[in-house]
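*Asks:*
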Amino acid sequence: MADEHPVEQPILVLTDCTASNRFASYILEILDVEGIFAYEVKDLSVSDLSEAELELYDIVILTNIRISSKQQACMRRYVQDGGNLIGLRPPGEMVDLFGLEVNNDINSCADDLYIQVEPQHPLARDVDAETLQFHGTADLYVSGGADVLAYLSGDFERRSGYVAVGTFCFGAGHTAAFAYDLAASTVLFHQGLRENSSIGSNPDPDRDNRWIPNDFFINYLDTRLKYVPQADIHQDLLIRMLHWMSSFHRPIPRTWYFPNAVPCIAYFNGDSDSMNREEYLNVVSTLEKYGGKYTVYLMEEHHKVVPASLEKELRTKGHSFGQHVILDWQVGMEDAKAQVDREMKKFRETYGYPPLTNRGHCLIWVGWTEMAQFLSAGGVRMDQNFIPRRYYRHGYLNGSGLPVKFMDEEGTLLDIYEQNTHITDDGSVEDLKFLVAGYSQEEVLQIAFKMLDDCADCYHGVFQPSFHPCLTTREAMWLLEALAERCWERNIPMVGGDAWVRFNDARREMKVAGLAYDARRGRLVFTLSSKSAVVGITWMLPARFGGRFLKAVRVNEETVCWTWNRLKGTPYGLFTLDMVENDSRAVEANYE
């Protein structure tokens, strides 16, 4: 590989839109969630692969697709000459390239088990969980020289000798492999089992007589791991690999998840069930006392409780509004679509715009991703229906604290975010819904504070509690006040739903171009561009690179302030920008 790199993006992702594995391309969503935008995609069903093309890139990610022997040979030579390759359940013929060996016994693969992170691996620093589930199929390999980052395990506490994730040096290059398909596993973490949906073979597995997202995770989410955002930690292993591999070539900039470099945000919202105006304004004023914003999901009958004039007044203060769609508990697909369409239309007629966020009454959800499609067609950009209910009560139902997009069973990414709800007021004060023992106020506060603090200190996700104005005023104001005060004390922003959606849209529209690194001078240059205006977009650069330390960052030839922070085991330099629509900034970072 040449020492000087052209200005093409450093990462190439290999996909195949005709592949039988429809979830392989979800790796692109993972990169977007993690703020890695310096990549290009090559669809191998459109054109073949060449060595000359591979040599343009520092790192290649091979998704879980079938590739020809010729393409395998190209990748082998690419790595031999100094390239870096990450394989997501790579072809068996290539496993020696990843330092893996087939164990010649009766086992060849395993489904839906666990991984155990190896704390001694250099990339395992500050990994926030030792045991994680994985979903889908993993191939069974032993190490043939690979440094094992995680082992497969059929037991929650004891690992096997099979490699789940490993790194390896091959020739002049480097490789890393997941024995399971990270992309498909992440989809299943986020969305659960289709067979447990209303159109699957095992609908309503928790037997509560209604179709809700909780159904998708029954006997799928290990209750011992419900307080861990497992999917986020899995994808962080990929980011650690990219950081390690980029250290041999050039730094790769990222965007942080939240505005202004804050460690997390809180998103307080709730449903309008039985509320009156006094109860609603009571919740709003309580959050405002601590600098917070509130998002309410309004039943159609409560449009008159919050008329357009009041809605406009509160929206100018940063509060947000959505529709609380009412569906029969075991509604059919056509009826659900018609009712969603009707209620979204009514919201637009009342308030003059489509609701950007949504939670349905009683969390009714038809199909697997069909409900997400219905909501998206009505203008909804973020859904809040994924809430732990029976057997779970609190925690990360979908394995993530971040806004992630749905993917349908055909592999099409839907333009609507899924955002996990951690805790609800009724989940804290009611006993009979959950088949899990009730908690005292002290226990609830301990659980809630632990989840909030973990979001800020470990996982860096969105803490989302749900409070009904009616129920909160009567029974759960102690919890709302305690959480709002905790956020205020810790300087955790409490955002409105509309602002959160718009920030994520603008963040994902950011582009990186012209990335070049002069190793002799320790000088990194690149261009940032934004399609939409965004305030507080935070960029991350490796704080150390090639034996040098980040010294200065200049944007459009002006020095900007940056801060040092260790995030998920990696030291970064962070700087924050406000960008206008169709903005472009030239960045120069100097390492000494």
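All the letters of the sequence shown, read from the start, carry residue numbers 305 to 896 under the working numbering. Glycine included, C-beta positions come from ideal geometry on N, C-alpha and C.
Alpha carbon to alpha carbon, what distance is there between Leu358 and Asp347?
*Replies:* Answer to the nearest angstrom: the Cα atoms are 13 angstroms apart.
*Asks:* Could you pull the start and end residues of the alpha helix (DSSP H) that Leu335 belongs to?
*Replies:* Note, Leu335: alpha helix (DSSP H), Tyr330 to Val337.
*Asks:* If distances are taken between C-alpha atoms only, which option among Asn506, Glu722 and Gly496 comes closest to Tyr524?
*Replies:* Checked all of Asn506, Glu722 and Gly496; the closest Cα to Tyr524 is Gly496.
*Asks:* Taking only three categories from DSSP, how would you classify Ile691?
*Replies:* If DSSP states are grouped into helix, strand and coil, Ile691 belongs with coil.
*Asks:* Assign Ser834 to one of two classes, buried (16 or more other C-beta atoms within 10 Å of its C-beta) or exposed (fewer than that).
*Replies:* Buried, because 16 or more other Cβ atoms sit within 10 Å of the Cβ of Ser834.
*Asks:* If you scan the stretch 458–524 from start to end, which runs of the alpha helix (DSSP H) of 4 or more residues do you find wholly inside it?
*Replies:* Runs found: 486–495.
*Asks:* When burial is assigned at 16 or more other CB atoms within 10 Å of the CB, is Asn411 buried or exposed?
*Replies:* So Asn411 ends up on the exposed side.
*Asks:* What is the DSSP secondary structure of Cys413, reduced to helix, strand or coil?
*Replies:* Here Cys413 sits in strand by DSSP.
*Asks:* Spell out the partners DSSP gives Ile371 in its beta bridges.
*Replies:* Beta-bridge pairing links Ile371 to no other residue.
*Asks:* Can you tell me the Cβ-Cβ gap for Gln723 and Gln768, rounded? I've got them flagged as a contact below 8 angstroms.
*Replies:* Contact holds; Cβ gap of about 6 angstroms.
*Asks:* For Met637, report the span of its alpha helix (DSSP H) as first-last.
*Replies:* Met637 to Tyr655 is the extent of the alpha helix (DSSP H) around Met637.
*Asks:* In chain order, what are the residue ranges of uninterrupted beta strand (DSSP E) at least 3 long that sit wholly in the stretch 696–779?
*Replies:* Fully enclosed beta strand (DSSP E) runs of 3 or longer: 708–711 and 717–722.
*Asks:* Roughly how many angstroms separate the alpha carbons of Ile363 and Thr490, rounded to a whole number?
*Replies:* Their backbone Cα atoms lie some 21 angstroms apart in a straight line.
*Asks:* Starting from the C-beta of Pro395, find all residues in its chain whose C-beta is less than 6 angstroms away, skip the five residues before and the five after it, and write them out in chain order.
*Replies:* Hits under 6 angstroms: none found.
*Asks:* Which of helix, strand or coil does DSSP assign to Arg870?
*Replies:* Of the three classes helix, strand and coil, the one that applies to Arg870 here is strand, per DSSP.
*Asks:* Which whole-angstrom value describes the C-beta separation of Val265 and Ala810, a residue pair presumed to lie in contact below a C-beta threshold of 8 angstroms?
*Replies:* Beyond the ends of the chain as shown, which are 305 and 896, falls residue 265; an answer cannot be given.
*Asks:* Label Pro423 either buried or exposed according to how many other C-beta atoms from any shown protein chain fall within 10 Å of its C-beta, with 16 as the threshold for buried.
*Replies:* The residue is exposed, with fewer than 16 neighbouring Cβ atoms inside 10 Å.
*Asks:* Taking C-alpha atoms, which residue in Leu389, Ala481, Pro509 and Cys791 lies nearest to Gly475?
*Replies:* Ranking the options by Cα distance to Gly475, first place goes to Leu389.
*Asks:* Evaluate Val350 with the Cβ neighbour count: other Cβ atoms within 10 Å of its Cβ, from every protein chain shown; 16 or more gives buried, anything less gives exposed.
*Replies:* Val350 should be labelled exposed.
*Asks:* At the level of alpha carbons, what is the spacing between Asp307 and Ala893?
*Replies:* Caution applies to Asp307, whose pLDDT of 43 falls short of 50 and renders its modelled position unreliable; the model cannot decide the point.
*Asks:* Within 10 angstroms of the Cβ of Lys855, are there 16 or more other Cβ atoms? Answer buried if so, exposed if not.
*Replies:* Lys855 comes out exposed.
*Asks:* How about Asp510: is its Cβ closer than 6 angstroms to a heavy atom in the ligand FMN?
*Replies:* As for the ligand FMN, it is missing from this structure, which has no ligand bound.
*Asks:* Do three or more CB pairs link the stretch 563–580 to the stretch 593–612 at distances below 8 angstroms?
*Replies:* Yes, they touch.
*Asks:* Under a Cβ-count criterion, where at least 16 other Cβ atoms within 10 Å of its own Cβ denotes burial, should Leu614 be classed as buried or exposed?
*Replies:* Exposed.
*Asks:* Quick check: the stretch 629–639 against the stretch 454–471, are at least 3 beta-carbon pairs closer than 8 angstroms?
*Replies:* Touching, no, given that fewer than three Cβ pairs across the two stretches are closer than 8 angstroms.
*Asks:* Quick check: the stretch 542–553 against the stretch 706–726, are at least 3 beta-carbon pairs closer than 8 angstroms?
*Replies:* The stretch 706–726 is not in contact with the stretch 542–553.
*Asks:* Counting beta carbon pairs with one atom in the stretch 515–531 and one in the stretch 850–869, are three or more of them shorter than 8 angstroms?
*Replies:* Segments in contact, no.
*Asks:* Is DSSP giving Gln301 helix, strand or coil here?
*Replies:* What is shown of the chain runs 305 to 896, which leaves residue 301 out entirely.
*Asks:* Taking 7 angstroms as the threshold (C-beta atoms), are Leu871 and Thr842 in contact?
*Replies:* It is not a contact, given that the beta carbons lie outside the stated cut-off.
*Asks:* Terminal residues of the continuous alpha helix (DSSP H) containing Gln534?
*Replies:* Note, Gln534: alpha helix (DSSP H), Gln534 to Ser550.
*Asks:* Leaving out five residues on either side along the sequence, give the residues of the same chain with a beta carbon under 7 angstroms from the beta carbon of Ala760.
*Replies:* Counting only Cβ-Cβ distances below 7 angstroms, and skipping sequence neighbours, we find Pro567, Cys568, Arg794 and Ile796.
*Asks:* Go ahead and pull the three-state DSSP assignment for Lys835.
*Replies:* Looking at Lys835 - three-state DSSP - the assignment turns out to be coil, as it is neither helix nor strand.
*Asks:* Would you kindly report the start and end of the unbroken alpha helix (DSSP H) that includes Gly801?
*Replies:* Gly801 to Arg812 is the span of the alpha helix (DSSP H), which, as asked, contains Gly801.
*Asks:* Determine which residues share a DSSP beta bridge with Thr267 and list them.
*Replies:* Because the chain here runs from 305 to 896, residue 267 falls outside it and cannot be looked at.
*Asks:* Roughly how many whole angstroms lie between the Cα atoms of His623 and Val864?
*Replies:* Whole-angstrom Cα-Cα distance: 32 angstroms.
*Asks:* Using the C-alpha atoms, what's the distance from Asn325 back to Thr319?
*Replies:* Taking the straight line from one Cα to the other gives about 10 angstroms.
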